[in-house]
Amino acid sequence: MFSTGAGADADSDIATDVPADELLVGAGLDERAPADEVGDGEVPETGAGDEESFFGMQSEGVVLTGIALGPGLRRLGRVCLAAALGLGVLFWLVLVLLYGYRVCFGDGASNPDMPNLVDDRPWTAYYLAGALWAVAVGAWGLATRGGYARLAWCFGCLVTAFFWPLGLAASLAVVAIRRPGAAMSRRLLLTGLAVLVAAGGLAWRVDAPATGPHQTAVSSDSALLGSWHSRSGITLELRPDGTFTAGSLSGGGRRDGDTIASASGRWESESADGHSGVRLLVDGDLSNSLYFDLYEAGPDLVLCSTNDTDEPCETVLRRT
1091 MFSTGAGADA
1101 DSDIATDVPA
1111 DELLVGAGLD
1121 ERAPADEVGD
1131 GEVPETGAGD
1141 EESFFGMQSE
1151 GVVLTGIALG
1161 PGLRRLGRVC
1171 LAAALGLGVL
1181 FWLVLVLLYG
1191 YRVCFGDGAS
1201 NPDMPNLVDD
1211 RPWTAYYLAG
1221 ALWAVAVGAW
1231 GLATRGGYAR
1241 LAWCFGCLVT
1251 AFFWPLGLAA
1261 SLAVVAIRRP
1271 GAAMSRRLLL
1281 TGLAVLVAAG
1291 GLAWRVDAPA
1301 TGPHQTAVSS
1311 DSALLGSWHS
1321 RSGITLELRP
1331 DGTFTAGSLS
1341 GGGRRDGDTI
1351 ASASGRWESE
1361 SADGHSGVRL
1371 LVDGDLSNSL
1381 YFDLYEAGPD
1391 LVLCSTNDTD
1401 EPCETVLRRT
């Protein structure tokens, strides 16, 4: 009986000797989800962390590359800026020669028979000063082997050299500001000089083009005496006794416009509306007269005449 019972217990033990996992599965109590299933409240693994770390490594690489190349890029930029500054100096040096020739050897009115007789030497002298300033500041920037900031400042002054009073005044102001250890009197002197250069230079630029021809008056007939001629061949001699001789006369208000090969007669000065003129009475006949307005072109007096009221200086006579 006991052996039967013992055998039954043994059989029972053998029958129940099954792994716990299988028992739980068989009973439907295994709560572990399969690998490809997601439980409630769980976030699926998508590998985003790996992507974030990958892009983070890329960003760090870009930063490190920029840090490594930074000095080289700055050096390259400084070299390019210095090269541009050198080319600019050569360009302005050519303009210095051109403007210098026009100021020193050019005639203020190289074509006296042009309708708009203009003495452009003051205007050219202004641009000559700007060209000299550009060459000076550019050469200084290259000779001192300045840093990027100095080269950029010199290049800015060079490309704005047509407005050189502003660049020169700004440079003087910067020198005064960046030297706090200098004496106050020296700093005030530089500041005052900067203001003077800016005001005087701009006034020069505004006033320079105003030297064109304009009607003028003389206080005495003696200022009109002497020999006059035009590039087209007109000659005129005004004498103190009130007589004149002329050759190849034309214009002057003659209706027919024919050229008078040789003429003589009396002349007289006329003043109207604040300016003077000369009337030639050919053969003493008022109906056969020519009139010339008196203009001032730069330092010279000229006689202008025309048959067209829209062009008051179609014919120009200059003093011989």
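The opening position of the sequence shown corresponds to residue 1091 in my numbering, with each subsequent residue numbered one higher.
A virtual CB, placed ideally from N, CA and C, is assigned to each residue, including glycine.
In this text the structure is predicted, and so the values were computed from the model without any measurement.
On the three-pair Cβ rule with 8 Å, is the stretch 1212 to 1225 touching the stretch 1174 to 1193? Remark: three or more beta-carbon pairs, one from each stretch, lie closer than 8 Å, so the stretch 1212 to 1225 and the stretch 1174 to 1193 are flagged as touching.
In three-state DSSP terms, what is G1167? helix
Indicate the three-state DSSP secondary structure (helix, strand or coil) for S1312 in the structure shown. helix
Counting C-beta neighbours from all protein chains within 10 Å, is the total for T1410 16 or more, i.e. buried, or is it exposed? exposed
Sequence-distant residues of its chain with Cβ nearer than 6 Å to L1371 (five each side left out): Answer for L1371: G1355, R1356, S1379, listed in chain order.
Which two residues bound the contiguous alpha helix (DSSP H) that contains F1252? It is not in any alpha helix (DSSP H) - F1252 carries neither H nor E in the DSSP assignment.
Does the distance from the CB of L1241 to the CB of A1172 come in under 7 Å? Contact flag set, yes.
Which class does R1408 belong to by DSSP, given the choice of helix, strand or coil? strand
State the Cα-Cα distance for the pair S1359 and G1323, rounded to the nearest angstrom. Cα to Cα, S1359 sits roughly 23 Å from G1323.
Decide yes or no for the touch test of the stretch 1224 to 1238 against the stretch 1306 to 1325: beta carbon pairs closer than 8 Å, at least 3 of them. Short answer: they don't touch.
Classification of C1194 by the beta-carbon crowding that lies within 10 angstroms, buried from 16 upward: exposed
According to DSSP, simplified to helix, strand and coil, what is G1355? strand
Mind checking who Y1189 pairs with in its DSSP beta bridge? Its beta-bridge partners do not exist; DSSP assigns none.
From D1297 to R1165, what distance separates their C-alpha atoms? A direct Cα-to-Cα measurement between D1297 and R1165 gives close to 44 Å.
So, with DSSP's three-state summary, where would you put C1194? Three-state DSSP puts C1194 in a helix.
Is it right to say P1255 is buried, meaning 16 or more other beta carbons lie within 10 angstroms of its own, or is it exposed? buried
Per DSSP, the bridge partner or partners of F1334: L1328, G1355
Could you check whether A1307 and G1364 sit closer than 7 Å to each other, using their CB atoms as the reference points? yes
According to DSSP, is G1367 part of a helix, a strand, or is it coil? strand
Pull up the CB-CB distance for R1277 and R1268, whole angstroms please, since I reckon it's below 8 Å. Contact doesn't hold; Cβ gap of about 10 Å is too wide.
Please tell me whether L1339 and A1362 are closer than 7 Å, where the distance is taken between their beta carbons. Not a contact, by the Cβ cut-off of 7 Å.
My assumption, with CB atoms under 8 Å, is that S1320 sits in contact with T1405. Please give the rounded CB distance. A Cβ-Cβ separation of about 6 Å places S1320 in contact with T1405 under the 8 Å criterion.
Round the Cβ separation of L1175 and F1245 to the nearest angstrom and send it over; I've been treating them as touching at under 8 Å. Their Cβ separation, rounded to whole angstroms, is 5 Å, which keeps L1175 and F1245 in contact under 8 Å.
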